[in-house]
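A.B. asks:
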Amino acid sequence: MISLAQQKNPDPTDFPSELEGLRMTKQRREVLAVILAERDHPKANDVFTRAQKRMPTISLATVYNCLEALVSHNLVRQVNLERESSRYCPNLTDHCHFQDEKSGKIHDVVFKDGVKLEDILELPQGTEVSHLEISLKGTFGQ
Ligand SMILES: [Zn+2]
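Here you go:
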């Protein structure tokens, strides 16, 4: 699998014509590039505004369709925090989301080296976790 998570500010034209079985149309490339460029967990509306800068003709409905396709092909993760509208995250490794109550910004938080979910949770034996979604809220220390 191509490690998109490592790419910073990728050029939409650099993406292969197909990713994870999804045909990469011009619009999908643009939407993916927007999400990879600024890893601030944008909402669909933010993605739309940013995508419009390079592609003025793109519509919000198209952005939603692209996001749905990217999420269903595991190229982007959909993040739902409380009752807010969905946000989008290009980090596909297991991680949690920490929302800074002061700025409202959402940060990726990873497990400490070597720590697995089974180490901190009482999971029944044989449990296979297929989806991880942990969100935290608070403030950063000084
Ligand atoms: Zn994230």
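Residue numbering for the sequence shown follows our numbering, starting at 651 and increasing by one per position. All C-beta atoms in this analysis are idealised placements derived from N, C-alpha and C, irrespective of residue type, glycine included.
For the 8 angstroms Cβ check, are there 3 or more pairs between the segment 706-723 and the segment 752-767?
C.D. replies: Not touching, per the Cβ criterion.
A.B. asks: Can you tell which of Lys752, Phe748, Glu768, Leu682 has the C-alpha that lies nearest to the C-alpha of Met705?
C.D. replies: Leu682
A.B. asks: So, helix, strand or coil for Asp633, using DSSP?
C.D. replies: Any question about residue 633 goes unanswered here, given that the chain covers just 651 to 792.
A.B. asks: Say yes only if the C-beta of Cys716 is nearer than 7 angstroms to one or more non-hydrogen atoms of ligand 1, and no if none qualify.
C.D. replies: no
A.B. asks: When you compare the CB positions of Ser736 and Asn730, do they come within less than 8 angstroms of one another, or not?
C.D. replies: yes
A.B. asks: Can we count Val726 as close to ligand 1, meaning its CB is less than 7 angstroms from some heavy atom?
C.D. replies: no
A.B. asks: With distances taken from each beta carbon to the nearest heavy atom of ligand 1, which residues come in below 5 angstroms, in chain order?
C.D. replies: Having a Cβ closer than 5 angstroms to some heavy atom of ligand 1 are Cys739, Asn741, Asp758.
A.B. asks: If you run the structure through DSSP and keep just helix, strand and coil, what is Ile770?
C.D. replies: helix
A.B. asks: Is it the case that the segment 782-791 contacts the segment 743-754, given that we only count it when at least three CB pairs across the two stretches are under 8 angstroms?
C.D. replies: yes
A.B. asks: Can you look up Arg727 in the DSSP assignment and give me helix, strand or coil?
C.D. replies: strand
A.B. asks: Between Leu672 and Leu725, which are expected to be in contact by the criterion C-beta below 8 angstroms, what is the C-beta distance as a whole number of angstroms?
C.D. replies: 7 angstroms
A.B. asks: Taking C-beta to C-beta, are Val765 and Tyr738 nearer than 8 angstroms?
C.D. replies: Not a contact, by the Cβ cut-off of 8 angstroms.
A.B. asks: From Leu771 to Thr777, what distance separates their C-alpha atoms?
C.D. replies: Approximately 11 angstroms, taken between the alpha carbons.
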